[in-house]
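Asks:
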Amino acid sequence: MCTYLTETIKITGSGKGAEGWFSVSDASVYFDHPVHAMAEHTLNIDFRNPAKGAGARVAVELTAESARELARAIQLTLDSAPPGMVA
Amino acid sequence: MNEALSAETISIAGHGGDEIEAYLARPLDSGVFGSVVVIHHMPGYDSETKEITRKFAAYGYAALLPNLYYRDAPGASPDDAAAVARARGGVPDEQLVGDVAGAAGYLRALPASNGKVGVIGYCSGGRQSFLAACSIQLEAAVDCYGACVVNAPPEGMPLKVKPVVGLAGDLSCPLLGLFGAQDKFPGPDETAELSKVLDDLGKPHEFHTYENAGHAFFAVNRPAYRPEAATDGWQKIWDFYGRYLAS
Chain A
26 MCTYLTETIK
36 ITGSGKGAEG
46 WFSVSDASVY
56 FDHPVHAMAE
66 HTLNIDFRNP
76 AKGAGARVAV
86 ELTAESAREL
96 ARAIQLTLDS
106 APPGMVA
Chain B
91 MNEALSAETI
101 SIAGHGGDEI
111 EAYLARPLDS
121 GVFGSVVVIH
131 HMPGYDSETK
141 EITRKFAAYG
151 YAALLPNLYY
161 RDAPGASPDD
171 AAAVARARGG
181 VPDEQLVGDV
191 AGAAGYLRAL
201 PASNGKVGVI
211 GYCSGGRQSF
221 LAACSIQLEA
231 AVDCYGACVV
241 NAPPEGMPLK
251 VKPVVGLAGD
261 LSCPLLGLFG
271 AQDKFPGPDE
281 TAELSKVLDD
291 LGKPHEFHTY
301 ENAGHAFFAV
311 NRPAYRPEAA
321 TDGWQKIWDF
331 YGRYLAS
């Protein structure tokens with residue numbers, strides 16, 4: 026189904042898109058039909074900068090298992106950073 | 091039928107008179123023809139849905155695919171526009187109805203139109219096809235595995251879409267439903283309930299549920315594609331539109 030389920034958050038950082046690097050200000054996270062990945066549903070993330078237009082987007086479509094692994098790796102990496110390096 | 095056609099991008103007046111982009115495909119045969127408004131799925135105004143639009147023209151119907159996300163991101167690639175539309179909460183029902191009404195009006199005004207216009211939608215567009223057929227005068231509607239027509243979204247899932255079965259009394263035309271038995275949204279129980287509601291209201295409809303298919307079985311570029319169901323489904327569409335839209 027089309028789940029419509031979308032989490033949107035404000036973020037700070039940069040991403041590299043079709044026309045090079047740009048700052049990103051928003052992220053949409055949703056579990057729905059992918060555009061490209063060969064799975065019925067995937068965990069999709071759009072890193073975006075709406076002020077720069079619709080094309081200012083870095084998109085990934087991950088299987089649920091891959092997304093969980095990614096989330097675990099992100100958390101582990103942040104937790105492993107030296108004290109004082111991560112706010 | 092020689093399958094000769096022309097296809098082009100045009101502008102039409104959508105909801106509220108807004109100029110929106112649309113993809114028009116027309117048969118090149120002389121003579122009059124029926125027409126179809128094609129409602130794209132949630133991933134947007136993409137090449138695959140344009141291919142479906144051309145298929146209708148190859149089979150003798152003028153077909154018009156409005157870009158429901160045009161307001162959100164004019165000129166953007168379909169997937170980028172879909173991302174913007176999603177972040178903004180999707181297409182409001184009222185806007186969808188206005189855009190389909192605009193597309194239907196454009197088709198009826200074509201010099202070779204026979205005045206009959208149908209609608210078809212896939213996935214989220216299946217629900218929107220039903221919604222449009224309950225909101226404006228059309229001659230035939232096809233709902234391809236549209237969820238949330240009868241059932242509310244599962245608890246805990248903050249969907250913005252609402253069931254539209256309450257509009258069934260206003261259904262303006264016969265409805266063809268094409269579903270997969272393995273689909274959960276809509277599941278066979280939901281489509282059976284919709285059929286019962288339409289029976290009780292005396293609304294003409296025919297539903298077909300394919301045993302070895304789930305959601306999106308028409309999507310030729312997805313793993314969900316099921317050739318047997320899709321081939322038979324297309325035949326059901328030609329038969330249905332042949333009865334209600336053809337000259």
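Keeping their order, the protein sequence lines are chains A and B.
26 is the number of the first residue of the first sequence in my numbering; add one for each residue after it.
91 is the number of the first residue of the second sequence in my numbering; add one for each residue after it.
A virtual CB, placed ideally from N, CA and C, is assigned to each residue, including glycine.
#1: Distance cutoff 9 Å, beta carbons only. Does Gly45 of chain A sit that close to anything in chain B?
#2: Where does Trp324 of chain B fall in DSSP's three states?
#3: Using a Cβ-Cβ distance cut-off of 9 Å, determine whether Arg116 of chain B contacts chain A.
#4: From the DSSP secondary-structure annotation, give me the bridge partner or partners of Cys234 of chain B.
#5: Ignore the nearest five residues each way along the sequence and tell me which others in Glu229 of chain B's own chain have a CB closer than 7 Å to its CB.
#6: Can you tell me the Cα-Cα spacing of Trp324 of chain B and Tyr135 of chain B, whole angstroms?
#7: I'd like to know whether the C-beta of Gly78 of chain A is nearer than 9 Å to at least one C-beta of chain B.
#8: Are any of the Cβ atoms in chain B nearer than 9 Å to that of Thr33 of chain A?
#9: Tell me the residue span of the beta strand (DSSP E) that contains Lys140 of chain B.
#10: Flag Val174 of chain B as yes if its beta-carbon sits less than 9 Å from any beta-carbon of chain A, otherwise no.
#11: Under 8 Å Cβ to Cβ from Gly339 of chain B, same chain only, skipping five residues before and after it: list those, please.
#12: I'd like to confirm something about Gly150 of chain B: is its beta-carbon nearer than 8 Å to some heavy atom of the ligand FMN, or not?
#13: Quick one: which chain A residues come within Cβ less than 7 Å of Ser203 of chain B?
#14: Below 7 Å CB to CB, which residues in the same chain sit around Thr281 of chain B once its five sequence neighbours on both sides are set aside?
#15: By a C-beta neighbour count over all protein chains shown, 10 Å radius and 16 as the cutoff for buried, is Asn74 of chain A buried or exposed?
#16: For the alpha helix (DSSP H) containing Ala103 of chain B, list its first residue and its last residue.
#17: Thinking C-beta only, is His130 of chain B closer than 9 Å to Gly216 of chain B?
#18: Beta-carbon of Cys234 of chain B versus every beta-carbon of chain A: anything under 9 Å?
#19: Check whether chain A comes within 9 Å of Pro313 of chain B, counting only Cβ atoms and requiring the distance to be less than that.
Replies: For this structure:
#1: For this step, residue 45 of chain A is matched to residue 20 along the first sequence. Judged by the 9 Å Cβ criterion, Gly45 of chain A is not in contact with chain B.
#2: As a position in the second sequence, residue 324 of chain B is number 234, starting the count at 1. DSSP places Trp324 of chain B in helix when its eight states are reduced to three.
#3: Locating residue 116 of chain B in the second sequence gives position 26, counting from the first residue. No, no contact with chain A.
#4: Within the second sequence, residue 234 of chain B is the residue found at index 144, counting from 1. According to DSSP, which records beta bridges pairwise, Cys234 of chain B is partnered with B:Tyr212 and B:Leu268.
#5: Position 139 of the second sequence, counted from the first residue, corresponds to residue 229 of chain B. Closer than 7 Å at the Cβ level, and outside the excluded window around Glu229 of chain B, lie Lys206, Val207, Gly208, Cys263, Tyr334 and Leu335.
#6: As a position in the second sequence, residue 324 of chain B is number 234, starting the count at 1. As a position in the second sequence, residue 135 of chain B is number 45, starting the count at 1. Their Cα atoms are separated by approximately 20 Å.
#7: Within the first sequence, residue 78 of chain A is the residue found at index 53, counting from 1. Yes, its Cβ sits closer than 9 Å to a Cβ of chain B.
#8: Mapped onto the first sequence, residue 33 of chain A falls at position 8. It does: the Cβ of Thr33 of chain A has a partner Cβ on chain B nearer than 9 Å.
#9: Position 50 of the second sequence, counted from the start, is the residue given in the question as residue 140 of chain B. Counting along the chain, Lys140 of chain B falls outside any beta strand (DSSP E), though it belongs to the alpha helix (DSSP H) covering Ser137 to Ala148.
#10: For the purposes of this step, residue 174 of chain B is identified with residue 84 of the second sequence, where counting begins at 1. By this cut-off, Val174 of chain B is an interface position.
#11: With chain B covering 91 to 337 only, the question about residue 339 of chain B has no answer from this structure.
#12: The ligand FMN is not part of the structure shown, which contains no ligands of any sort.
#13: Against the second sequence, residue 203 of chain B aligns to sequence position 113. Result: empty, since nearest Cβ-Cβ is about 31 Å, beyond 7 Å.
#14: The residue given as residue 281 of chain B occupies position 191 in the second sequence. Closer than 7 Å at Cβ, skipping near neighbours: Gly267, Phe269, Phe297 and Thr299.
#15: As a position in the first sequence, residue 74 of chain A is number 49, starting the count at 1. Buried, because 16 or more other Cβ atoms sit within 10 Å of the Cβ of Asn74 of chain A.
#16: The count along the second sequence starts at 1 and reaches residue 103 of chain B at position 13. From DSSP, Ala103 of chain B is part of no alpha helix (DSSP H) but of the beta strand (DSSP E) over Leu95 to Ala103.
#17: Sequence index remark: in the second sequence, residue 216 of chain B carries index 126 (1-based). Sequence index remark: in the second sequence, residue 130 of chain B carries index 40 (1-based). Not a contact, by the Cβ cut-off of 9 Å.
#18: Walking along the second sequence from the start, residue 234 of chain B turns up at place 144. Not closer than 9 Å to any Cβ of chain A, the Cβ of Cys234 of chain B fails to qualify, so no.
#19: Residue 313 of chain B sits at position 223 when you count from the first residue of the second sequence. Proximity of Pro313 of chain B to chain A, defined by a Cβ-Cβ separation below 9 Å, is satisfied.
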